[in-house]
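Quick note, the sequences are listed as chains F and R, same order.
Residue 12 in UniProt numbering sits at position 12 of the first sequence; the count goes up by one each step and never skips.
Residue 85 in UniProt numbering sits at position 85 of the second sequence; the count goes up by one each step and never skips.
There are 2 protein chains.
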Amino acid sequence: MFSIGELSKRTKVKVPTIRYYEEMGLLPEAERTSGNQRRYDIAGLERLSFIRHARDLGFSIEAISSLIELQDHPDRSCEAATDIASSQLTNVRTKIRRLKTLERELSRISKGCNGEGVSEDCYVLASLADHNLCDGEHQKP
Amino acid sequence: MFSIGELSKRTKVKVPTIRYYEEMGLLPEAERTSGNQRRYDIAGLERLSFIRHARDLGFSIEAISSLIELQDHPDRSCEAATDIASSQLTNVRTKIRRLKTLERELSRISKGCNGEGVSEDCYVLASLADHNLCDGEHQKP
DNA sequence: TATACAATCTCTAGTAGCTAGAGGTTCAAG
DNA sequence: CTTGAACCTCTAGCTACTAGAGATTGTATA
Numbered sequence: 001m002f003s004i005g006e007l008s009k010r011t012k013v014k015v016p017t018i019r020y021y022e023e024m025g026l027l028p029e030a031e032r033t034s035g036n037q038r039r040y041d042i043a044g045l046e047r048l049s050f051i052r053h054a055r056d057l058g059f060s061i062e063a064i065s066s067l068i069e070l071q072d073h074p075d076r077s078c079e080a081a082t083d084i085a086s087s088q089l090t091n092v093r094t095k096i097r098r099l100k101t102l103e104r105e106l107s108r109i110s111k112g113c114n115g116e117g118v119s120e121d122c123y124v125l126a127s128l129a130d131h132n133l134c135d136g137e138h139q140k141p
Numbered sequence: 001m002f003s004i005g006e007l008s009k010r011t012k013v014k015v016p017t018i019r020y021y022e023e024m025g026l027l028p029e030a031e032r033t034s035g036n037q038r039r040y041d042i043a044g045l046e047r048l049s050f051i052r053h054a055r056d057l058g059f060s061i062e063a064i065s066s067l068i069e070l071q072d073h074p075d076r077s078c079e080a081a082t083d084i085a086s087s088q089l090t091n092v093r094t095k096i097r098r099l100k101t102l103e104r105e106l107s108r109i110s111k112g113c114n115g116e117g118v119s120e121d122c123y124v125l126a127s128l129a130d131h132n133l134c135d136g137e138h139q140k141p
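Right, here's the structure in full:
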């Protein structure tokens, strides 16, 4: 059994974040010492690693909740899990596509001014003021 | 002079968002009717278009504040503006790089399970539980 | 001109996923 | 037994909005 600080060190998840995950129901309520401090075992460590890994891959807390729910029921169909993963993949791909559009546009705008003039003549500012100077549409990222 | 609703329609920025921008200091305090409703002119429309355009390109409110500050002083050097734009470009490129790593990993994981089995045997869940099943490291997105 | 009703006003609170700080208690080493 | 780091709970703050309550205003139509 080890403390929350030790768990934090081993998983690289910050202490307040661990408490937050517990509050959100991602982690079960930890056992406590007589003095009310949290104590964890290997199972706790594994679960937190799972969560961290999923967060690193961009899964939302809600999605992770569902994944954990499935993990806790080894006999259930894993269709939901593959659905969550593939929709996350779709999310990521959508974001990449949008960011690439932004990148092209920003790069084009950036090249338009070397920063040596005054703002009145700045192509960066002019581009932002006038959408017509843009190549195409951009959506919110 | 037109109402906030009209401005919203023309710029495709939602009404509460316009008020929020005013509160944040991105928009100057609007003129009011005798009955306290906001009225805008073309200058207001242009400024809001500028803001929306910058937001669409992913600039933060803070960055936009600086850009507007420069826009209001046509005689100042525009170095800050080009700096902001290029650091935004760097941001975007960093995000793309990270997301691409995620994409590879998610795609690999996703392919590992067709969702027809039970969760005990699910490669998606197994991958999340065990980082060793991953190709490489991933950072937070 | 009266009325109806859409649009506006301000204010508060909520979203995601944490992070920071105050003020107090517990654990563990020396 | 003392000391100080680590822990506890609670509240508030971050970004960029969004939603809703309850009250007021603007305007089109009868």
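Built from N, CA and C at the ideal position, the CB exists for glycine as well.
{"Query": "What is the DSSP secondary structure of residue 181(F), reduced to helix, strand or coil?", "Result": "Limits of chain F in this structure are 1 at one end and 141 at the other, which puts residue 181(F) out of reach."}
{"Query": "Can you give me, in chain order, the residues of the segment 103 to 120 of chain F that have a beta carbon less than 8 angstroms from any beta carbon in chain R?", "Result": "Glu103, Glu105, Leu106, Ser107, Ile109, Ser110, Cys113, Asn114, Gly115, Glu116, Gly117, Val118, Ser119, Glu120"}
{"Query": "From leucine 45(F) to histidine 73(F), what distance separates their C-alpha atoms?", "Result": "19 angstroms"}
{"Query": "Are isoleucine 42(R) and alanine 54(R) touching if we call contact CB-CB under 8 angstroms?", "Result": "no"}
{"Query": "When DSSP builds the beta bridges, which residues end up paired with tyrosine 21(R)?", "Result": "DSSP output for tyrosine 21(R) lists no bridge partner at all."}
{"Query": "Go ahead and label serine 34(F) buried or exposed: buried means 16 or more other beta carbons lie within 10 angstroms of its beta carbon, across all protein chains shown.", "Result": "exposed"}
{"Query": "Pick from Thr11(R), Lys100(R), Glu6(R), Ser127(R): whose alpha carbon is nearest that of leucine 48(R)?", "Result": "Thr11(R)"}
{"Query": "For arginine 52(F), is the classification buried or exposed, using 16 other Cβ atoms within 10 angstroms of its Cβ as the cut-off for buried?", "Result": "buried"}
{"Query": "Against chain F, with Cβ distances strictly below 8 angstroms, would valine 92(R) count as a contact?", "Result": "yes"}
{"Query": "Rounded to the nearest angstrom, what separates threonine 101(R) and glutamate 6(R) at their Cα positions?", "Result": "43 angstroms"}
{"Query": "In chain F, which residues lie with their C-beta within 8 angstroms of the C-beta of alanine 81(R)?", "Result": "Cys113, Gly115, Ser119, Cys122, Val124, Leu125"}
{"Query": "Please identify the residue among Asp75(R), Arg76(R), Arg39(R), Leu89(R) whose C-alpha is closest to the C-alpha of serine 60(R).", "Result": "Leu89(R)"}
{"Query": "Does the distance from the C-beta atom of cysteine 122(F) to that of cysteine 122(R) stay below 8 angstroms?", "Result": "no"}
{"Query": "Would you say leucine 27(R) lies against chain F (beta-carbon separation less than 8 angstroms)?", "Result": "no"}
{"Query": "Check distances from the C-beta atoms of the segment 55 to 78 of chain F to those of chain R and list, in chain order, the residues that come in under 8 angstroms.", "Result": "Arg55, Asp56, Leu57, Gly58, Leu67, Leu70, Gln71, His73, Pro74, Asp75, Arg76, Ser77, Cys78"}
{"Query": "What is the DSSP secondary structure of phenylalanine 59(F), counted as helix, strand or coil?", "Result": "coil"}
{"Query": "Name the DSSP bridge partner or partners of valine 118(R)?", "Result": "Ser77(F)"}
{"Query": "Per DSSP, what kind of secondary structure is glutamate 103(F) in: helix, strand or coil?", "Result": "helix"}
{"Query": "Counting along the chain, where does the alpha helix (DSSP H) carrying tyrosine 123(R) start and finish?", "Result": "123 to 129"}
{"Query": "Between leucine 7(R) and chain F, is the shortest Cβ-Cβ distance under 8 angstroms, so that the two count as touching?", "Result": "no"}
{"Query": "Select from Arg19(F), Leu26(F), Ser127(F) the residue whose C-alpha is nearest the C-alpha of glutamine 71(F).", "Result": "Leu26(F)"}
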